[in-house]
Structure formats: structure tokens, C-alpha cells
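In what follows, a single structure is set out as C-alpha cells and then discussed.
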Amino acid sequence: MNDEEFDKYRESGRIAAAILQEGASRITVGASYLDLVESVEARIEEEGAILAFPLNVSLNEDAAHDTASAEDPRIFQRGDVVKLDLGVHVDGYIADTATTVDLGTNSLLLQASEAALESAIAKVRPGATAGDLGAAVQQEIEKRGYRPIANLTGHGLGQFLLHRSPTIPNISNMGGPVLSEGMVFAIEPFATTGSGHVGEKVRREIYSQVSDKPVRIPAARTIMKKIEDRRGLPFSRRWLRDRKLDLALPSLVRSGILRPYPVLGDIPGSLVSQHEHTIIVTEDGCIVTTRG
5 MNDEEFDKYR ESGRIAAAIL QEGASRITVG ASYLDLVESV EARIEEEGAI
55 LAFPLNVSLN EDAAHDTASA EDPRIFQRGD VVKLDLGVHV DGYIADTATT
105 VDLGTNSLLL QASEAALESA IAKVRPGATA GDLGAAVQQE IEKRGYRPIA
155 NLTGHGLGQF LLHRSPTIPN ISNMGGPVLS EGMVFAIEPF ATTGSGHVGE
205 KVRREIYSQV SDKPVRIPAA RTIMKKIEDR RGLPFSRRWL RDRKLDLALP
255 SLVRSGILRP YPVLGDIPGS LVSQHEHTII VTEDGCIVTT RG
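If you count the sequence shown from 1, position 166 lands on 170 in the numbering used here, and the numbers rise without skipping.
Structure follows, in C-alpha cells:
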């Protein structure tokens, strides 16, 4: 990693950390889900950065991949556990960070995922393994009486790459990739009162381009033109702002051109918390780019 790349990772992390805190402060009982998402996404652009993915706001048993629809009527309710997952990039160099806001009496659940994140960060150094980090996450969450979500993981980051090696597990996993200086990745523990596994739901608001096959339908061509500057990074259905374009999305999915990201949730009635930071491995440890 050269100095210019390092500086861009640090800058995207600085912006992400500041705006995540701003967004979390806006989550109150009665606040609009859509207003929150649009205001936070606009703030990223105001800071001169670009969204790496649509702002994820996932409630209660839902762990990931939810965002507001174009006319989303939802408001935050007393008792909600709200995950806010934010991605920013500067010239493709990504910062990915998340926090959880408790609108009820679930502070111990939040402490579990936050402590797991800090414990894993403390293990990061060249020569450590991804499995070492997963073991730290699992230990911190389970000793507090909760379960880590086993089928969600942290992930490597690269220029315009949101998911690459190494995969950082949230459970003990002997061995795994060995960490080395210059690696960039996100650690993101999830703690749950539920089963410890998530499944796909019907709701789909987020998509990404995975193929550049030609398309014939005019509305589909318009979508592809609108998202070409995403460079494969995810986008929101809400951003299309056109019913005709919205109706063309399924054909692009069936053609294998777009990939949908269904909302991922644990069992109904459970609660999930999440905390996440982006890490750069250094010679003697790590730098957390998204620590405010």
C-alpha cells in the first residue's frame, strides 16, 4: 500500500466515523426511517465522498441489507434495536462501519457486540489468523449470554471491492487466512438473542451489477446507464425514482446482470446488535480508520 492509498483509506474512514455518529444521534422514537436514510446519504456527498453502498438500517431481528424504500412509511418505535451500517469511499478506497442504537432496554446486548469488536481488534497484527479474531468475537458474546451470528462475517476491502479475502469469522474457526501488513478489512460482530443464524427474507431493496451482458429492454438499459459509475458497488432501488425502471429490475436479476441483496434476519422476535470498524494491518498492530 502506498502513501496515497493509505491517505484515502484514512480520509474515507474519518468521514464515515463522523457521519455514523451524526446518523445515530437522529435515531429517536417517532423519527422517520426514510428521512434518516436520505439525510445521512446526503451528508456523505456533502463531505466530498461517495456511498460505498446504500445506508443499511436494520431493525430488531433483521441484521443486514435493509434500507428505506422510496416511500417508506416506517418510523422508529420504542423498544427497537436499530443497526446503522454505513459505507463511504474516496476514489474507491472504502470505509465500512456500523453501530447499534437501543430504543428500549437492551444495553447489555449492545455491549456484547461492541466488546467483541474491541477484543478482535486487539488481536490484529501480522501473523495472527482470521480464526484468532473469530474466537475473540465468540468468547466475548457468549460469556454475556448471547450468540454470535455464525453465517455473517467480516470481509476484506479493496479499491471498489466491498468483499474480498480475508473473511473474518464471528465464531471460533481454527486457522484461516494469516494477517499481513497492508491488509484492509472490516470486523463486524453481530450478537443475537435468537438462533445465531440469519436467513433471507422477501424484502429486497439493494442490488449490485455482477455482469455486463447487453440488455434490450429500454428501461433496463436506462438502469444500467444510471449505475455504471457504481463500478459494481451496491445501489438502492430507491435511487431509481421511476416506477418503470423499478419494474425492470426483476428482468435484470433473472438475466444474471444484477444481484439482489435480500434482507437477512434471525428468528422473529429475536434482537440483533452489530458493531463494525475498518482496519489496516500495520507492522506492529493495526490502525482503525473508522474510529471517531
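In this text, a Cβ means the ideal position worked out from N, Cα and C, and glycines have one as well.
- Burial state of Lys-127 is buried, judged by a 10 Å Cβ sphere holding 16 or more other Cβ atoms.
- Per DSSP, Gln-213 lies in no alpha helix (DSSP H) segment; the continuous beta strand (DSSP E) that holds it begins and ends at 203 to 213.
- The count of Cβ pairs closer than 8 angstroms, one atom from the stretch 219 to 231 and one from the stretch 171 to 185, stays below three, leaving the stretches out of contact.
- Scanning Ala-68, Thr-282, Ile-54 and Lys-230 for the CA closest to the CA of Ile-191 turns up Thr-282.
- By the neighbour-count criterion, in which a residue is buried when 16 or more other Cβ atoms sit within 10 angstroms of its Cβ, Ala-119 is buried.
- Distance from the CA atom of Ala-56 to the CA atom of Asp-7, rounded to whole angstroms, is 21 angstroms.
- Per DSSP, reduced to three states, the secondary structure at Glu-75 is coil, with no helix or strand assignment.
- Non-local C-beta neighbours of Arg-245 in its own chain, meaning closer than 7 angstroms and more than five positions away in sequence, comprise Ala-74, ordered along the chain.
- With fewer than three CB-CB distances shorter than 8 angstroms, the stretch 83 to 99 does not count as touching the stretch 132 to 148.
- Only exposed fits Ser-29, as fewer than 16 other CB atoms lie within 10 angstroms of its CB.
- Closest option to Asp-89, judged by alpha-carbon separation, among Thr-109, Gly-273, Arg-241 and Ala-99: Ala-99.
- Ranking Gly-269, Asp-106 and Ile-231 by CA distance to the CA of Val-214 puts Ile-231 first.
- By the criterion of a C-beta distance shorter than 6 angstroms, Lys-248 is surrounded in its chain by Ala-223, once the five residues flanking it on both sides are discounted.
- One alpha carbon belongs to Val-257, the other to Thr-133, and they sit about 36 angstroms apart.
- Beta-bridge partners assigned by DSSP to Arg-151: Thr-196.
- Taking 8 angstroms as the cut-off, the beta carbon of Glu-45 is found closer than this to the beta carbon of Leu-59.
- Ile-210 is a Cβ neighbour of His-69, given a cutoff of 8 angstroms.
- Beyond the five residues adjoining it in sequence on each side, Leu-107 comes within less than 8 angstroms, by CB distance, of Ile-31, Thr-32, Val-33, Phe-80, Gln-81, Arg-82, Gly-83, Asp-84, Val-85 and Val-86 in the same chain, given in chain order.
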